[in-house]
Amino acid sequence: MSLHAARVVTGELSKCAGVETDLIDIAKLPLPTNDAGEAIKQADFSAKMNKADALVVVSPEYNHGYSGLLKHVLDSCLKEYIHKAVGIVGVSAGPFGGTRVIQNLLPVMRELGLVTIFWDVNFSSVQKVFTEDGRLLDESYIRRIDKFLKELIWMAKTLRQGRARISID
Amino acid sequence: MAAVTKTDKMICPSCRVEMNHHCDKLVYTTDPQEAEQADPSLGGFIEEFHTCPKCGGGASRHA
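Each protein sequence line maps, in turn, to chains Z and E. 1 is the number of the first residue of the first sequence in the working numbering; add one for each residue after it. 1001 is the number of the first residue of the second sequence in the working numbering; add one for each residue after it.
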């Protein structure tokens, strides 16, 4: 069901002028599990993170947390994320829409150098929000996604200028 | 009192222009050998992050 949510968000992002999007299904990344961190950096994923000005992390919530796979993938890069914007979309079968997974991801994002926005998207009772083939049944999500993306794009543009033009020295 | 001025700007490998130094990050190594060389007052290394104003490409180096 998280993939359905990711596809809806990617679809809305692709409607935004001047924005290029790429949906990355982390389950398909060929990362080894016998090591972790930047030691297992994967060239294609690293190049995509380098190119990106912003990330949207769409995460299901398991036992109030994020999947080990998501952390494993995020940890494989560092310099690629610095001073870039990130927004988080929580997905859950229960009523809270992944609010706990979002809260638990915030300190991870911060340590990775990503800048979090204050809008989230929460897909609660997700099994009722999409059909089996991924059609969105509740159009009210579109308005919230729109607000979320506007904040994300503003932050991405601002940080892009800052990275390129504003010196720490 | 001494003023410290960094003059060794990083150069973008693609555009050959000076990159902008926009971030210093404390990085905690997981490598035991590297950990011995970490700055004891910080517990890790300072990594500098630079971005090219022309192409937006990023690069980093130990401070």
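We put the beta carbon where it would ideally sit given N, CA and C, even for glycine. All figures in this text were calculated on a predicted structure; none of them were measured in a lab.
Residue nearest to residue i in terms of C-alpha spacing, selected from the options
i                         : options                             : result
methionine 1 of chain Z   : Z:Leu23, Z:Val126, Z:Leu70          : Z:Val126
alanine 5 of chain Z      : Z:Gly94, Z:Met155, Z:Ser59          : Z:Ser59
proline 107 of chain Z    : Z:Pro95, Z:Leu136, Z:Phe96, Z:Leu74 : Z:Leu74
methionine 49 of chain Z  : Z:Glu151, Z:Leu78, Z:Arg7, Z:Phe123 : Z:Leu78
arginine 7 of chain Z     : Z:Glu20, Z:Ile24, Z:Lys157          : Z:Ile24
tryptophan 154 of chain Z : Z:Val19, Z:Gly134, Z:Gly98          : Z:Val19
alanine 17 of chain Z     : Z:Lys150, Z:Arg163, Z:Ile166        : Z:Lys150
Limits of the alpha helix (DSSP H) - the one that residue i falls within
i                         : result
alanine 39 of chain Z     : First-last for alanine 39 of chain Z: undefined, no H or E at that position.
asparagine 104 of chain Z : 99-111
aspartate 146 of chain Z  : 140-165
Span separating the alpha-carbon of residue i from that of residue j
i                            : j                        : result
glutamine 161 of chain Z     : cysteine 1023 of chain E : 13 angstroms
lysine 1025 of chain E       : aspartate 138 of chain Z : 42 angstroms
lysine 15 of chain Z         : glycine 1058 of chain E  : 27 angstroms
aspartate 22 of chain Z      : proline 1032 of chain E  : 37 angstroms
phenylalanine 118 of chain Z : aspartate 169 of chain Z : 28 angstroms
threonine 1005 of chain E    : glycine 11 of chain Z    : For threonine 1005 of chain E, the predicted model reports a pLDDT of 45, less than 50, meaning its position is unreliable and no value from the coordinates is stated.
glycine 94 of chain Z        : valine 121 of chain Z    : 15 angstroms
proline 32 of chain Z        : glycine 68 of chain Z    : 13 angstroms
lysine 1054 of chain E       : cysteine 1015 of chain E : 7 angstroms
glycine 113 of chain Z       : cysteine 1012 of chain E : 21 angstroms
Anticipated Cβ contact below 8 angstroms, residue i with residue j, distance rounded
i                       : j                      : result
glutamate 61 of chain Z : valine 86 of chain Z   : Actually they are not in contact, since the Cβ atoms of glutamate 61 of chain Z and valine 86 of chain Z sit about 17 angstroms apart, beyond 8 angstroms.
alanine 156 of chain Z  : alanine 47 of chain Z  : Between alanine 47 of chain Z and alanine 156 of chain Z the Cβ distance is about 18 angstroms, and since that is not below 8 angstroms, they are no contact.
lysine 71 of chain Z    : leucine 159 of chain Z : About 23 angstroms; that fails the 8 angstroms criterion.
leucine 152 of chain Z  : valine 56 of chain Z   : 7 angstroms
Per-residue burial, residue i [other beta carbons within 10 Å of its own, 16 or more giving buried]
i                          : result
histidine 64 of chain Z    : exposed
histidine 1062 of chain E  : exposed
alanine 39 of chain Z      : exposed
lysine 28 of chain Z       : exposed
isoleucine 1046 of chain E : exposed
lysine 147 of chain Z      : exposed
serine 76 of chain Z       : buried
Limits of the beta strand (DSSP E) - the one that residue i falls within
i                          : result
lysine 28 of chain Z       : It is not in any beta strand (DSSP E) - lysine 28 of chain Z carries neither H nor E in the DSSP assignment.
valine 121 of chain Z      : 121-123
isoleucine 1046 of chain E : 1045-1051
leucine 114 of chain Z     : 114-116
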